[in-house]
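Everything below concerns the one structure shown next.
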Amino acid sequence: MRKELAVMLLIFIAGFSLALGGEVYEKVQEGNQLWHQGKYQDAFGKYTEALSVARGKSEAQIHYNLGDSLYKQEKYEDALKEFEQALPSADTALKEKIYYNMGNSYFRIGIAKRDIEQLKKSAESYQKALMLDPKDQDAKHNLEVVRRHIKLQMQQPPPPQPQPQGNQQQKQQSKEEQKKQDQQQQQSQSDKEKEQQKQGQAGQQRELTKEEAERILKSLSEQEKQELKKMMEAQGISSPSGKDW
Numbered sequence: 001m002r003k004e005l006a007v008m009l010l011i012f013i014a015g016f017s018l019a020l021g022g023e024v025y026e027k028v029q030e031g032n033q034l035w036h037q038g039k040y041q042d043a044f045g046k047y048t049e050a051l052s053v054a055r056g057k058s059e060a061q062i063h064y065n066l067g068d069s070l071y072k073q074e075k076y077e078d079a080l081k082e083f084e085q086a087l088p089s090a091d092t093a094l095k096e097k098i099y100y101n102m103g104n105s106y107f108r109i110g111i112a113k114r115d116i117e118q119l120k121k122s123a124e125s126y127q128k129a130l131m132l133d134p135k136d137q138d139a140k141h142n143l144e145v146v147r148r149h150i151k152l153q154m155q156q157p158p159p160p161q162p163q164p165q166g167n168q169q170q171k172q173q174s175k176e177e178q179k180k181q182d183q184q185q186q187q188s189q190s191d192k193e194k195e196q197q198k199q200g201q202a203g204q205q206r207e208l209t210k211e212e213a214e215r216i217l218k219s220l221s222e223q224e225k226q227e228l229k230k231m232m233e234a235q236g237i238s239s240p241s242g243k244d245w
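If you're matching positions, the sequence shown starts at 1 in the numbering used here and goes up one per residue.
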């Protein structure tokens, strides 16, 4: 059984004859050599040079090769643009290859983005390739693979939609307001506790009056009287009724 990705990575390189023109032929052959060496960006440069001097049918073949080199760089959307430009003037054999590689490109985009519409375009491209060459087993295999992925995507729930910017701003504003209210409540509670503490301390530090000292004196022992006397003298209060303790 063939592996899925091995077939999906299959790419064709269009060949050229000397009849297309010596300069175009040479640049395309240089590009093909670089492509086979894995130097896809350099190959793209050579194909671009060839396109600048190409005319007629050769333009379709060069656009096709440009698409191939972009595909190998994983620039699938750019590759599709080159394949589409190659279609109008391509012959039947080249069109079949173009549709095949368009199917590959749409497949890669659809898988990366989980985009079922791109997968459907991939399936359509393989079908068009099979209409031009019903014996293309690779196109048949890839079409089956894409259909399986479409079925799997249809069974999965859609990804969550991003919320509008306005809703996000409202949520952020609500969070900030709640945070501000919490801070104000904490500050108010802290201020209240400090005030209560101050009042408690003030009550503890209040000095005795003469009347209070006389009342306390009656219930004290001799030793306690002496201690109270010392305390009052320290506070600047004279002995009650002018008496000594």
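For glycine and all other residues, C-beta sits at the position ideal for the given N, C-alpha and C.
Please read all numbers here as calculations on a predicted model, not as lab measurements.
In the three-state reduction of the DSSP assignment, G45 falls in the helix class.
For L130, the enclosing alpha helix (DSSP H) stretches over residues I116 to L132. L66 carries a helical assignment under DSSP once its states are collapsed to helix, strand and coil. K81 is positioned such that its CB atom lies no closer than 8 Å to that of A50. Bounds of the alpha helix (DSSP H) holding Q153 are Q137 to Q155. Look at L34 here: in three-state DSSP terms it is helix. Taking C-beta atoms as the reference points, Y76 and R114 fail to come closer than 8 Å. If the five residues before and after W35 are omitted, its C-beta is found closer than 8 Å to the C-beta atoms of I13, A43, N65, D68, S69 and K72, all from its own chain and listed in chain order. Distances from the CA of Q61 to each of Y40, F83 and E74 were compared; the closest alpha carbon is that of F83.
The Cβ atoms of L143 and A123 sit closer than 8 Å to each other. With respect to the 8 Å criterion, A139 and Y106 are not classified as neighbours on the basis of their beta carbons. Sequence-distant Cβ neighbours of K57 in its own chain, meaning closer than 7 Å and more than five residues away, are S89. Of the other Cβ atoms in all chains shown, fewer than 16 fall within 10 Å of the Cβ of A93; this residue is therefore exposed. Annotated three-state conformation of G56 is coil, per DSSP. Looking at the backbone, the Cα of N104 and that of A79 are separated by about 10 Å. A distance below 8 Å separates the beta carbons of Q85 and H63. Q173 and K179 have their C-alpha atoms some 10 Å from each other. Excluding five sequence positions before and after I98, the CB atoms of its chain that fall closer than 7 Å to its own CB belong to Y64, F83, A86, L87 and A90, given in chain order. Looking at the backbone, the Cα of V53 and that of E74 are separated by about 27 Å. Secondary structure note for L80: its alpha helix (DSSP H) is the uninterrupted segment Y76 to A86. Excluding the 5 residues flanking it on each side, S125 has same chain C-beta neighbours closer than 7 Å at Y99, M102, G103 and Y106, in chain order. Restricting attention to I116, V24, K230 and K46, the CA atom closest to the CA of Q156 is found in I116. H141 places its beta carbon 8 Å or farther from that of L119.
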